[in-house]
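Peer 1: Can you keep this structure in mind? I'll have questions shortly.
Take a look at the structure:
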């Protein structure tokens, strides 16, 4: 009963719009959340829109999403912006609530800064985990293990940091799981 009482939003959807490029994938990557591709869309250069279904959300719950974007480097004024709109069902009234569109300005990433390196490492690890799980569903454990090992090696090339340790730990956990699955599949 406690879980039902604390649900504050049902049928949560995020609508993402990236008018100057395309949204190629969206991954859930928060602590305790399964890293998986929630949605993906290709654009034709005229912008892309993606709807991401998040389901129910509870009081004080937060979700982290990694949005993979492809944008032209020339011919477009900076900064790029991503628009986000949330809709959900209010559990008390059962009404659909649609929030106003919120633009998010995206910083231009230039050169090899520590923040761009952190984003790169997060992207590499999250995408490797999501893709390796997809490969595991197809019973391609060897490729899944190779992908995770390659991602781990890339992340290890970064200067040591707390984030690097966490990402390597996450990749090691996934590698162990994939190796266990492969051993079970062979039996």
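Numbering (my numbering), first residue to last: 67 to 253.
C-beta: ideal position from N, C-alpha, C; glycine also.
All of these numbers come straight from a predicted model, not from anything done at the bench.
1) On the criterion of 16 or more Cβ atoms from any shown chain inside 10 Å, does residue 89 qualify as buried, or is it exposed?
2) For the stretch 112-128 against the stretch 74-87, are there 3 or more C-beta pairs whose distance is under 8 angstroms?
3) So residue 193 is in the alpha helix (DSSP H); what residue range does that whole segment cover?
4) Does any heavy atom of the ligand FMN sit closer than 7 angstroms to the C-beta of residue 115?
5) Taking the alpha carbon of residue 128 as the reference point, which residue from 168, 246, 74 has its own alpha carbon closest?
6) Give the single residue among 125, 164, 209, 157 whose Cα lies nearest to the Cα of residue 41.
7) Going by the CB atoms, is the gap between residue 191 and residue 219 shorter than 8 angstroms?
Peer 2: Quick answer:
1) Position 23 of the chain shown, counted from the start, is the residue given in the question as residue 89. Buried, because 16 or more other Cβ atoms sit within 10 Å of the Cβ of residue 89.
2) yes
3) Working through the chain shown from its first residue, we reach residue 193 at position 127. Note, residue 193: alpha helix (DSSP H), 180-203.
4) Within the structure as shown, the ligand FMN is missing, as the structure has no ligands at all.
5) By one-based count along the chain shown, residue 128 stands at place 62. That would be 74, whose Cα lies nearest to the Cα of residue 128.
6) The question about residue 41 has no answer here: the residues shown for the chain are numbered 67 through 253.
7) Within the chain shown, residue 219 is the residue found at index 153, counting from 1. Within the chain shown, residue 191 is the residue found at index 125, counting from 1. No, they are not a contact pair.
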